[in-house]
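Trainee:
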Amino acid sequence: MVALTLPDGSVRSFPGAVTGTELAAAIGPGLAKAALFLKLDGQVVDLATRIERDAKVAIVTARDDAVLELLRHDCAHVLAEAVKELYNDVQVTIGPSIEDGFYYDFARRTPFTPEDLVRIEIRMHEIVDRNEPIRREEWERGRAIEFFKAQGEHYKAEIVAAIPEGEPIGVYSQGRFTDLCRGPHLASTGRLGHAFKLTKLAGAYWRGDSRNEMLQRVYGTCWRDDKELQAYLTRIEEAEKRDHRRLGRELELFHQQEEAPGMVFWHPRGWTLWRMVEAYMRRRLETDGYVEVKTPQLVDRAFWQQSGHWEHFRDKMFVSEIEERTFALKPMNCPGAVQIFKRGVKSYRDLPLRLAEFGACHRYEPSGALHGLMRVRGFVQDDAHLFCAEDQITAESIRFCDLLTSIYGDFGFADVTIKFADRPAVRAGSDAIWDKAEQALKDAAKAAGLNTILNPGEGAFYGPKLEFVLRDAIGRDWQCGTLQVDFVLPERLDAEYTAEDGSRRRPVMLHRVILGSFERFLAILIEDCAGKFPLWLAPTQLVAASIVSDANDYAAKVVAEAAKLGLRAELDARNDKINFKVREHSLRKIPAILAIGKREAEQGTVSVRRLGSETSQVKPLAAALAELAAEALPPDQRR
RNA sequence: GCCCACAUAGCUCAGAGGUAGAGCACCCCCUUGGUAAGGGGGAGGUCGAAGGUUCGAUUCCUUCUGUGGGCACCA
1 MVALTLPDGS VRSFPGAVTG TELAAAIGPG LAKAALFLKL DGQVVDLATR
51 IERDAKVAIV TARDDAVLEL LRHDCAHVLA EAVKELYNDV QVTIGPSIED
101 GFYYDFARRT PFTPEDLVRI EIRMHEIVDR NEPIRREEWE RGRAIEFFKA
151 QGEHYKAEIV AAIPEGEPIG VYSQGRFTDL CRGPHLASTG RLGHAFKLTK
201 LAGAYWRGDS RNEMLQRVYG TCWRDDKELQ AYLTRIEEAE KRDHRRLGRE
251 LELFHQQEEA PGMVFWHPRG WTLWRMVEAY MRRRLETDGY VEVKTPQLVD
301 RAFWQQSGHW EHFRDKMFVS EIEERTFALK PMNCPGAVQI FKRGVKSYRD
351 LPLRLAEFGA CHRYEPSGAL HGLMRVRGFV QDDAHLFCAE DQITAESIRF
401 CDLLTSIYGD FGFADVTIKF ADRPAVRAGS DAIWDKAEQA LKDAAKAAGL
451 NTILNPGEGA FYGPKLEFVL RDAIGRDWQC GTLQVDFVLP ERLDAEYTAE
501 DGSRRRPVML HRVILGSFER FLAILIEDCA GKFPLWLAPT QLVAASIVSD
551 ANDYAAKVVA EAAKLGLRAE LDARNDKINF KVREHSLRKI PAILAIGKRE
601 AEQGTVSVRR LGSETSQVKP LAAALAELAA EALPPDQRR
């Protein structure tokens with residue numbers, strides 16, 4: 001007897017072992033049809049799995065959220081089967097499910113073309129229609145290795161060989177395709193359905209190592225049904241409209257050009273945005289006990305040798321020879337900050353010393369890594385270095401986390417991923433120091449109410465770090481803020497202070513940025529608000545648009561009055577219809593359009609139309625402007 | 001840096017081995033219109049760069065540069 005407990009608590013007994021398929025059929029024909037997987041004592045397995053003893057079971061259908069990931073993995077297998085059918089000079093490697101889809105890496109001398117993608121996708125649909133049974137077997141290691149070698153699947157043989165002794169080696173077959181896989185898989189290819197689409201081709205290194213050969217990666221997306229698939233495709237389309245590169249052009253914020261790869265030309269409107277953010281940051285730093293400094297761009301190589309950058313960072317530095325000396329553009333601000341700390345004698349009374357710098361850095365990023373404003377070769381960090389005593393690390397870290405959280409909040413970023421990167425394998429400093437530094441950072445994050453996820457072994461060689469990660473429009477993660485504890489650089493550059501007892505001590509340096517780089521942060525900001533900036537950041541806050549030319553003078557007066565209140569206002573006195581003007585300024589995402597006709601000119605009013613609204617409100621000029629001016633106050637000045 | 005794709009007017013894009021076309025934007029004229037495109041006209045391109053094939057290349061080939069998507073990298 002086998003007694004199976006269902007999710008509703010009821011128990012079904014069977015005379016002997018049953019499979020998931022049989023169980024579903026016994027419960028009802030509807031469930032039998034909808035059944036995709038079996039959950040056996042909490043673990044999702046194939047429907048064909050034989051249940052031999054009492055267990056808690058559940059039939060997994062498409063309604064189960066966990067199923068998407070499994071469908072995507074099945075879809076990857078169908079992709080691999082299609083590719084193996086269509087091309088005989090190809091080896092399969094791995095094909096996991098990922099967020100929103102899946103990929104499969106193939107080894108093939110001739111890369112796939114976009115036309116291949118179309119062909120493969122058609123074949124995938126055929127395979128689903130064939131509804132091939134998917135069967136699992138467990139093989140003995142030697143047999144699996146022999147089999148894959150005989151098939152010419154050397155990557156698979158390598159993967160099998162790497163599976164630890166004692167672990168089962170699952171082999172799945174569908175049609176003429178046999179693949180090594182942990183599973184679970186659907187009972188047959190037909191269960192997958194047709195809600196999938198191949199999306200892109202890419203190169204990817206075998207085992208993720210650039211010293212290895214490059215494989216051909218095929219990406220796809222896969223959903224429960226067509227409706228979900230369409231929703232996904234629409235979501236991507238919408239996200240692309242928020243791309244900061246596109247909005248940067250459309251809203252005349254900035255441009256980049258061929259002669260300056262990885263560099264940015266900021267236009268007046270984009271630079272206004274930058275200046276507003278910078279001014280805000282400066283106020284926040286000033287009220288938080290920072291002092292601002294500025295250090296040189298171009299410094300002699302000997303300096304970078306001493307700081308260690310010449311050894312560790314040389315290949316990323318822009319170097320220039322002049323008068324038989326070698327100079328390099330600074331890739332980081334920290335060594336410069338230490339020079340300022342070192343001038344004059346510092347005492348414990350000077351600590352913590354918070355040196356802020358809006359420092360322009362240049363790094364020779366690989367050409368393939370460049371990406372709009374997100375990854376550039378010239379960028380400005382909202383950098384600061386906190387020189388403190390060891391027992392001040394925790395307090396300073398908490399203080400920083402609080403400041404960062406408050407600032408991100410002001411920009412509307414509530415959803416921040418925070419990673420705690422702990423000690424890497426190769427590192428400087430004793431374990432005792434690492435224990436202390438890691439504990440301090442952990443405590444600080446906790447005290448500041450931050451939830452961190454561990455990013456193991458990814459700390460800097462000189463210390464652990466907190467990484468504050470924001471997402472772009474299409475879901476890519478970008479590290480923005482960071483806090484790093486550093487015991488090494490003060491040592492290398494010989495920074496010290498006089499302690500209370502008169503002894504000379506090394507300060508600890510906390511490297512920290514909040515925005516990270518202005519370029520990256522502004523890119524995220526642009527995408528996050530889709531170019532509809534809050535009033536305090538909008539490059540142009542209002543446009544006074546005349547309806548008839550008789551109102552032009554009054555419209556000009558409106559602009560002048562607005563400017564007196566510090567509002568960034570533009571005049572649109574062009575000979576065009578108000579419909580046209582409203583459309584144009586709406587598309588430019590101007591927060592407020594003040595339409596001005598004869599009536600307004602006579603009565604001293606304006607007709608205010610806010611972005612996103614389809615109606616307008618007539619108000620006395622002074623009241624309308626006062627209202628806008630109040631709203632245009634930066635968040636820190638409103639509190 | 002590696003793989004694939006792409007590069008035509010300011011923007012979005014069409015095009016073909018015989019030296020280029022649309023819409024919008026721009027300039028001029030008419031229009032003074034009350035909340036998402038009023039009408040007419042004009043100007044605008046070394047078809048990313050350099051080689052090659054060809055009687056002839058923007059189109060085919062090669063290389064380079066840049067961009068896009070990935071991979072690797074991201075102190």
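In terms of the working numbering, the first sequence has 537 at position 537, counting the first letter as 1, and numbering is strictly consecutive. The beta carbon of each residue, even a glycine, is placed where N, CA and C say it ideally should be.
From the DSSP output, read off the bridge partner residues of ILE593.
Mentor: Looking up residue 593 in the first sequence gives position 593. According to DSSP, ILE593 bridges with VAL543 and ARG609.
Trainee: So within the region 482-525, which uninterrupted alpha helix (DSSP H) runs reach at least 4 residues, ignoring any that extend past its ends?
Mentor: Listed in chain order, they are 489-492.
Trainee: Within this structure, are the beta carbons of THR189 and ILE94 separated by less than 8 Å?
Mentor: Here the question's residue 189 lines up with position 189 in the first sequence. Here the question's residue 94 lines up with position 94 in the first sequence. Taking 8 Å as the Cβ cut-off, THR189 and ILE94 do not qualify as a contacting pair.
Trainee: Of the residues PRO534, ILE236, GLN91 and GLY28, which one's Cα is nearest the Cα of GLY475?
Mentor: Reading the first sequence from its first residue, position 475 is the one you call residue 475. Answer by Cα proximity: ILE236.
Trainee: In the DSSP assignment, the alpha helix (DSSP H) including ILE122 goes from what residue to what residue?
Mentor: Position 122 of the first sequence, counted from the first residue, corresponds to residue 122. Start and end: 114-130.
Trainee: What separation, rounded to the nearest whole angstrom, lies between the Cα atoms of VAL380 and ASP528?
Mentor: By one-based count along the first sequence, residue 380 stands at place 380. By one-based count along the first sequence, residue 528 stands at place 528. Distance between the alpha carbons of VAL380 and ASP528: 20 Å.
Trainee: Whose C-alpha, out of PHE518, ASN333 and PRO424, is nearest the C-alpha of PHE461?
Mentor: Residue mapping note: residue 461 aligns to position 461 of the first sequence, counting from 1. The option with the nearest alpha carbon to PHE461 is PRO424.
Trainee: Considering only C-alpha positions, which residue in the set LYS84, ALA495, ARG136 and ASP382 is nearest to GLU292?
Mentor: Position 292 of the first sequence, counted from the first residue, corresponds to residue 292. Ranking LYS84, ALA495, ARG136 and ASP382 by Cα distance to GLU292 puts ASP382 first.
Trainee: Just to confirm before moving on: does the CB-CB distance between GLY457 and THR482 stay below 8 Å?
Mentor: Within the first sequence, residue 457 is the residue found at index 457, counting from 1. Within the first sequence, residue 482 is the residue found at index 482, counting from 1. Contact: no.
Trainee: What do you get for HIS73, buried or exposed, if any count of 16 or more other CB atoms within 10 angstroms of its CB means buried?
Mentor: Looking up residue 73 in the first sequence gives position 73. Buried, because 16 or more other Cβ atoms sit within 10 Å of the Cβ of HIS73.
Trainee: Can you name the start and end residues of the alpha helix (DSSP H) that GLY30 belongs to?
Mentor: As a position in the first sequence, residue 30 is number 30, starting the count at 1. Looking at the DSSP string, the run of the alpha helix (DSSP H) that includes GLY30 is 29-34.
Trainee: Could you have a look at PRO168 and say whether DSSP puts it in helix, strand or coil?
Mentor: Position 168 of the first sequence, counted from the start, is the residue given in the question as residue 168. Residue state, collapsed to three classes: coil.
Trainee: Using DSSP bridges, identify the partner residues of ALA188.
Mentor: By one-based count along the first sequence, residue 188 stands at place 188. Note that residue 188 is Ser in the sequence shown here, rather than Ala. Per DSSP, PRO133.
Trainee: Could you check whether the region 52-63 touches the region 24-39, counting it as contact only if at least three pairs of C-beta atoms, one from each stretch, sit closer than 8 Å?
Mentor: Yes: the two stretches touch, three or more of their Cβ pairs being nearer than 8 Å.
Trainee: I need the DSSP call for ALA17, collapsed to helix, strand or coil.
Mentor: For the purposes of this step, residue 17 is taken as residue 17 along the first sequence, with counting starting at 1. DSSP places ALA17 in coil when its eight states are reduced to three.
Trainee: Can you look up HIS244 in the DSSP assignment and give me helix, strand or coil?
Mentor: As a first step, residue 244 is located in the first sequence; it is residue number 244 there, counting from the start. Three-state result, HIS244: helix.
Trainee: Pick from ARG314, ARG325 and ARG583: whose alpha carbon is nearest that of PRO331?
Mentor: By one-based count along the first sequence, residue 331 stands at place 331. The option with the nearest alpha carbon to PRO331 is ARG314.
Trainee: Name the DSSP beta bridge partners of PRO620, please?
Mentor: Reading the first sequence from its first residue, position 620 is the one you call residue 620. BP columns for PRO620 point to THR605.
Trainee: Have a look at GLU324 and LEU285 and give me their C-alpha separation to the nearest angstrom.
Mentor: If you number the first sequence from 1, residue 324 lands on position 324. If you number the first sequence from 1, residue 285 lands on position 285. For GLU324 and LEU285, the distance between alpha carbons rounds to 40 Å.
Trainee: With a threshold of 8 Å, are at least 3 pairs of Cβ atoms found where one atom belongs to the region 165-176 and the other to the region 104-120?
Mentor: The region 165-176, when compared against the region 104-120, does not touch it at the 8 Å Cβ threshold.
Trainee: Exposed or buried, what is MET1 when buried is set at 16 or more other beta-carbons lying within 10 Å of its beta-carbon?
Mentor: The residue labelled residue 1 in the question sits at position 1 within the first sequence. So MET1 ends up on the exposed side.
Trainee: Which residue from THR19, LEU40, PRO29 and GLY16 puts its Cα closest to that of LEU6?
Mentor: As a working note, residue 6 is residue 6 in the first sequence. Checked all of THR19, LEU40, PRO29 and GLY16; the closest Cα to LEU6 is LEU40.
Trainee: With the cut-off set at 8 Å, would you say TRP536 and MET281 are in Cβ contact?
Mentor: Position 536 of the first sequence, counted from the start, is the residue given in the question as residue 536. Position 281 of the first sequence, counted from the start, is the residue given in the question as residue 281. Not closer than 8 Å, so no.
Trainee: In angstroms, rounded to a whole number, what distance separates the CA positions of ALA337 and PRO490?
Mentor: Along the first sequence, read from residue 1 onward, the residue named residue 337 stands at position 337. Along the first sequence, read from residue 1 onward, the residue named residue 490 stands at position 490. Each residue's Cα considered, the two are about 11 Å apart.
Trainee: Spell out the partners DSSP gives HIS385 in its beta bridges.
Mentor: Reading the first sequence from its first residue, position 385 is the one you call residue 385. In the DSSP output, where bridge partners are listed per residue, HIS385 has LEU355 and HIS511.
Trainee: Where ASP576 and PHE411 are concerned, what is the direct C-alpha to C-alpha distance, given to the nearest angstrom?
Mentor: Your numbering for residue 576 matches position 576 in the first sequence. Your numbering for residue 411 matches position 411 in the first sequence. The straight-line gap from Cα to Cα measures roughly 36 Å.
Trainee: Select from ALA592, GLU85 and VAL376 the residue whose C-alpha is nearest the C-alpha of ILE120.
Mentor: Along the first sequence, one-based indexing puts residue 120 at 120. If we check each option's Cα against that of ILE120, GLU85 comes out closest.
Trainee: Using a 10 Å radius around the Cβ and a threshold of 16 neighbouring Cβ atoms, would you call ASP243 buried or exposed?
Mentor: Stepping through the first sequence from its first residue, residue 243 is reached at position 243. Label assigned to ASP243: buried.
Trainee: Please report the distance separating the alpha-carbon of VAL57 from that of LEU611.
Mentor: Working through the first sequence from its first residue, we reach residue 57 at position 57. Working through the first sequence from its first residue, we reach residue 611 at position 611. VAL57 and LEU611: Cα-Cα distance of roughly 54 Å.
Trainee: When the distance is taken between beta carbons, is PHE318 closer than 8 Å to HIS362?
Mentor: Start at 1 with the first residue of the first sequence, and residue 362 comes out as number 362. Start at 1 with the first residue of the first sequence, and residue 318 comes out as number 318. Against a cut-off of 8 Å, the Cβ pair of PHE318 and HIS362 comes out as a contact.
Trainee: For GLU519, which residues from the same chain have a beta carbon less than 8 Å from its beta carbon, with the 5 sequence-adjacent residues on both sides left out?
Mentor: Position 519 of the first sequence holds residue 519. The answer, listed in chain order, is VAL264, LEU373, MET374, VAL376, PHE379 and VAL380.
Trainee: Just the Cα atoms here: how many angstroms apart are ARG349 and ALA592?
Mentor: Looking up residue 349 in the first sequence gives position 349. Looking up residue 592 in the first sequence gives position 592. Those two C-alpha atoms are separated by around 51 Å.
Trainee: Please name the residue, chosen from CYS181, TYR205, GLY220 and GLU146, that lies closest to ILE98 on a Cα-to-Cα basis.
Mentor: As a first step, residue 98 is located in the first sequence; it is residue number 98 there, counting from the start. The shortest Cα separation from ILE98 among CYS181, TYR205, GLY220 and GLU146 belongs to GLY220.
Trainee: Does DSSP classify VAL264 as helix, strand or coil?
Mentor: Sequence index remark: in the first sequence, residue 264 carries index 264 (1-based). Correct three-state label for VAL264: coil.
Trainee: Which residue wins for smallest C-alpha separation from ILE134, given the options LEU386, ALA530 and GLN174?
Mentor: Your numbering for residue 134 matches position 134 in the first sequence. Looking at the Cα atoms, GLN174 is the closest of the given residues.
Trainee: Between SER546 and LEU253, what straight-line distance do the alpha-carbon atoms span, to the nearest angstrom?
Mentor: Position 546 of the first sequence holds residue 546. Position 253 of the first sequence holds residue 253. Going from the Cα of SER546 to the Cα of LEU253 covers about 25 Å.
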